[in-house]
Ligand code: F6R
């Protein structure tokens, strides 16, 4: 939530900040703002900010002279205070000497605010962020000028705050400097000659540099055009996690598609190929990072899978593969529930934490809880060096490339594939499968990208179907076994981007209640691919048809008999039962996309949502 960007160098800062904010807008878009240090002889910090999308800010900036070579920018997803001009970031201290941008929540802000008010401070907004601006301001009074003095004030202020944050500060008394810090919220630094950058994610930096450094919890970075120094909160020199980015800027652009979501749906075959690349080493399936012994996996007695939203649905699919292939008991749980329960965790428990961003607060907290109980954590993430990946005992990267649309698509299918690879990895170590069996599964997986490309052949039929469904008052999705998580995911995709009421149900549960909702002609999407529950789902289709539903079946190519039961059929190629989710979700993603565009919705940036949920 919230995107932050910062630049100090020799180029006009505002251009770079606006470019960065455009890339980061997916993280939050209810207001945006920039602060630039202007004027040479008598520098001052000028703040321009506006409620609404970045285009509103761009409009006022077009008529504003904002010259300066150091600045910070912010795009907001509101947590404290309604989205409005006054609550937009950056926020300033009482004297207007400095400006702060922030992603996250300062949990003890109310207490700090009362203290500051008692001290005579007046506040211009309802945000928690303004409190830190005042606190830094108070600590800077009387200090010498320059980068170190500003860093001292920031460190002193941050020692007082609780919560999760990424912050960046500019100050007129140290005009070529940005001081930044983070705790449980992402912040990446960019190194280049004659300039330094910071951003909430690599996509904001990649246009300028591939030489990046992830700041770690409670580190403070001092950025100047000459370079970046990092300290801990006590001022001792420290280092972040420095690495080279290996993907290109055009991956993060639309490349002719109308929306990022449609582009990312189409990128799935290529993304799956990447996920599979080089997964066997010396006749074994290998993880990307493994700080555990093989024995830890051989002797595990239980797997918990924890995740949120779409990643949770991928986790539901994984349960079937882990239990079937690796013969290990699995529980799948929403991360925000897991962290507040008292699950039975032992050193023989493996917790698989799934997060595309690797920065989701609830998933990070669930993983931290598991580690505190000495369970082993395996991360499935799309972001190299993300907080989750760094904290885990082993990591499998999904390699989907940057996902910009808020609605997750290619991250989901690659998560399923990575999780199924993990299931084969465990099956191999635990000798739950013969080598020829797991090799056979790997071959089936290798065929998936091509088979998925065939599904796109039905895109225009799905678009036409979407036009007929778009004006329904609800859409139901039903599935059984691995079809169930896909029914839930189909419903989630549709509701988040079209705002149409959509629910997913286990097909066998319909007659225990939800069937009462069926209206004449009301659409029901049924996952009815080949497999041992196909006959059961056909019975469930008949039950809803008998009550007037219009049924859209997702079935296996060659299943002509299904046409006798369904009003519309979308076919996917035949694959192993556990691999169907990666194919059957594609028509549902397209259906959601075309319904949303038919209804004129903002597909890539749906209302009330943000891409990375770094608050609880
Ligand atoms: C929905 C969606 C969300 C995310 C969820 C977890 O399309 O994208 O439901 O899946 O917020 O995000 P990550 O995977 O980054 O932890």
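In our numbering, the protein residues as written are 891 to 1506.
Glycine included, each C-beta is placed from N, C-alpha and C at the ideal position.
Under the three-pair Cβ rule at 8 Å, the segment 923–938 does not count as touching the segment 1131–1138. Less than 8 Å divides the Cβ of residue 1197 from the Cβ of residue 1225. For residue 1146, the CB stays at least 7 Å from every heavy atom of the ligand F6R.
Relative to the Cα of residue 980, the nearest Cα in the group 895, 1367 and 1293 belongs to 895. The segment 1125–1132 makes no contact with the segment 950–958, as fewer than three CB pairs between them are under 8 Å. With 16 or more other CB atoms across the displayed protein chains lying within 10 angstroms of its CB, residue 1310 is buried. If you draw a 10 Å sphere on the C-beta of residue 978, you find 16 or more other C-beta atoms in it, and that means buried. Unbroken beta strand (DSSP E) stretches of 3 residues or longer found wholly inside the segment 1116–1142: 1117–1122 and 1131–1134, given in chain order.
Distances taken from the Cβ of residue 1344 to the heavy atoms of the ligand F6R include none shorter than 7 Å.
Residue pairing of residue 1394 in beta bridges, as defined by DSSP: 1367. Burial check for residue 1324: the Cβ neighbour count within 10 Å stays below 16, so the residue is exposed. Contact between residue 1040 and residue 1064 holds, with the beta-carbon distance rounding to 5 Å and staying under 8 Å. Residue state for residue 1413 is assigned as strand, using DSSP reduced to three classes.
Closest in alpha carbon position to residue 986, among 1160, 957 and 1023, is 1023. In the DSSP annotation of this structure, residue 1294 is not part of any alpha helix (DSSP H), being labelled neither H nor E. Looking from the CA of residue 1046, the closest CA among 1030, 1056 and 1203 belongs to 1030. Per the Cβ contact rule, the segment 1433–1441 is in contact with the segment 1397–1409 (3 or more Cβ pairs under 8 Å). Using a Cβ-Cβ distance cut-off of 8 Å, the segment 1270–1287 and the segment 1233–1249 are in contact, since at least three pairs of beta carbons, one from each stretch, lie closer than that value.
Spanning the alpha carbons of residue 1415 and residue 1483 requires a straight line of approximately 15 Å. Residue 977 carries a coil assignment under DSSP once its states are collapsed to helix, strand and coil. Secondary structure of residue 1437 (DSSP, three-state): coil. In this structure, residue 974 sits away from residue 1000, with a CB-CB distance that is not shorter than 8 Å. Your pair residue 1006 and residue 1178 does not check out as a contact, with CB atoms roughly 46 Å apart and the cut at 8 Å. DSSP places residue 1234 outside both helix and strand once states are collapsed to three, so it counts as coil. Taking a cut-off of 8 Å for Cβ pairs, the segment 1377–1396 and the segment 1188–1205 touch, as three or more such pairs fall below it.
Ranked by Cα distance from residue 1371, the options 1332, 906 and 1417 are led by 1417. If only uninterrupted alpha helix (DSSP H) runs of at least 4 residues are considered, those enclosed by the segment 902–984 are 903–914 and 944–952. In the three-state reduction of the DSSP assignment, residue 1408 falls in the coil class. When the Cα atoms are used, residue 1193 and residue 1211 turn out to be separated by approximately 12 Å. Between residue 1297 and residue 1426, the C-beta gap is not smaller than 8 Å, which leaves the two residues out of contact. Just measuring C-alpha positions, the residue of 1015, 1180, 917 and 964 sitting nearest residue 976 is 1015.
The residue among 1148, 1165 and 1170 with its C-alpha nearest the C-alpha of residue 1288 is 1165. By the 16-neighbour rule on beta-carbons within 10 angstroms, residue 1300 is buried. Counted as a single uninterrupted DSSP element, the stretch harbouring residue 1302 is not any beta strand (DSSP E) but the alpha helix (DSSP H) occupying residues 1300–1319.
Assignment of residue 1484 by DSSP, reduced to helix, strand and coil, places it in the helix class.
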